[in-house]
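Under this note's numbering, think of the first position of the sequence shown as 13, with each following residue one higher. Positions of the beta carbon are idealized from the N, C-alpha and C atoms, including for glycine.
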Amino acid sequence: MVDGVDPAARKFGAEVRRLREHAGLSQTKLARLLPASQASVSDLELGKTRAKKDTAERIDAVLNSDGRVVAAWEAQYEVYEPPDWYRKLPTLELRATLIQQYHPLLVPGLLQTRDYMYASIRAGRRTEHQAAVNAKVQERTDRQSILSREEPPFFSVVLDETVLYRRLGSPGTMREQLEYLWEVSKRSRVEVLIIPASTWDHPGLDNGFMLLKVPDAGNLLYLETGSVGGVVIDTDTVEEHISRMGDLRGFALPPDQSRALIKKAQGEVE
């Protein structure tokens with residue numbers, strides 16, 4: 013998080029504090045009864061630490077809150093718990109000096125506007141709890157900070173032209189997203205390349221993928237398909253995707269012509 017506090021942890025902590033004060037206990041008294049340190053209780057209430065469910069259950073018992081602490085924990089955390097394989101990606105992105113990504117369907121998360129994030133998540137998960145959607149949007153937003161730091165990685169994206177015409181959200185959402193894609197593509201450390209829709213038989217018609225060059229780890233491959241994904245270090249598989257990325261780049265237009273396609277698509281949003 014930008015301020016170092018998890019929004020879900022902040023909300024849960026605020027509810028714990030409300031229930032503690034309602035029970036007439038100080039932080040020190042609650043800490044003694046758990047047992048825990050007063051500092052750990054303070055950090056939990058301020059959202060600086062993320063409580064485990066068994067901690068919520070112990071607090072609930074001490075405060076005699078009839079399940080309200082546990083319910084607050086479940087409302088913040090059980091609706092969306094990032095899988096272990098996904099948790100590795102932001103760490104790798106922070107360490108990478110080069111990130112290359114291909115996507116046949118959507119603008120990649122690192123280049124999405126917030127409205128486009130909401131629309132793309134909702135499109136695939138129409139019954140998802142709003143708290144879960146908000147958490148995913150916040151995660152993507154946090155990941156984008158790597159592109160604004162003093163020494164960002166070089167980020168190269170190859171997209172199929174159909175991505176520019178796939179309508180999500182509203183006309184305003186799409187115009188804003190395409191404008192941002194056009195603007196960010198002019199940064200010295202960002203490259204956006206578009207494969208024209210008229211291209212025959214290019215090798216990117218199945219799933220997208222990401223390649224990361226990480227110091228002391230070499231070249232890594234990140235794959236994600238629906239709810240399944242992970243980091244691949246198998247040399248042959250990584251090399252296969254490096255070769256595929258080279259082929260895709262060969263089919264794509266150079267940066268200036270790609271920007272022209274983005275601008276053209278933006279003008280055709282109705």
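query                                                                                                                                                                     : result
Excluding sequence positions up to five away, which residues of its chain have a Cβ less than 7 angstroms from the Cβ of Y89?                                             : A20
Relative to the C-alpha of V281, which residue among V175, L205, P267 is closest?                                                                                         : V175
Express the C-alpha separation of M222 and V244 in angstroms, rounding to a whole number.                                                                                 : 10 angstroms
Judging by CA-CA distance, which residue of E203, G216, L46 is the nearest neighbour of D271?                                                                             : This sequence places Arg at residue 271; Asp is not what is there. When only C-alpha atoms are compared, the closest one is E203.
Thinking C-alpha only, which one of R137, Y114, P267 is nearest Y234?                                                                                                     : Y114
So which of P102, E86, A264 has the shortest CA-CA distance to S210?                                                                                                      : A264
From the DSSP output, in three-state form, read off Q278 for me.                                                                                                          : helix
Note down the Cα distance separating E162 from R201, rounded to an integer number of angstroms.                                                                           : 11 angstroms
Taking a contact to mean a Cβ-Cβ separation below 8 angstroms, would you say V226 touches R107 in this structure?                                                         : yes
For A277, which residues from the same chain have a beta carbon less than 7 angstroms from its beta carbon, with the 5 sequence-adjacent residues on both sides left out? : L176, Y177, L190
Are the beta-carbon atoms of V28 and E57 separated by less than 8 angstroms?                                                                                              : yes
Answer yes or no: do T153 and R126 have a C-beta to C-beta separation smaller than 8 angstroms?                                                                           : yes
DSSP on K225, reduced to helix/strand/coil?                                                                                                                               : strand
Can you name, in chain order, every residue of its own chain whose Cβ lies under 7 angstroms from the Cβ of K275, other than the five neighbours on each side?            : W194
Output the boundary residues of the beta strand (DSSP E) element that contains H115.                                                                                      : 110-115
Measure the alpha-carbon distance for T132 versus Q150 and round it to whole angstroms.                                                                                   : The amino acid at residue 132 is misidentified as Thr; the sequence shows Ser. The straight-line gap from Cα to Cα measures roughly 14 angstroms.
Going by other Cβ atoms of all chains shown within 10 Å of its Cβ, with 16 needed for buried, is T109 buried or exposed?                                                  : exposed
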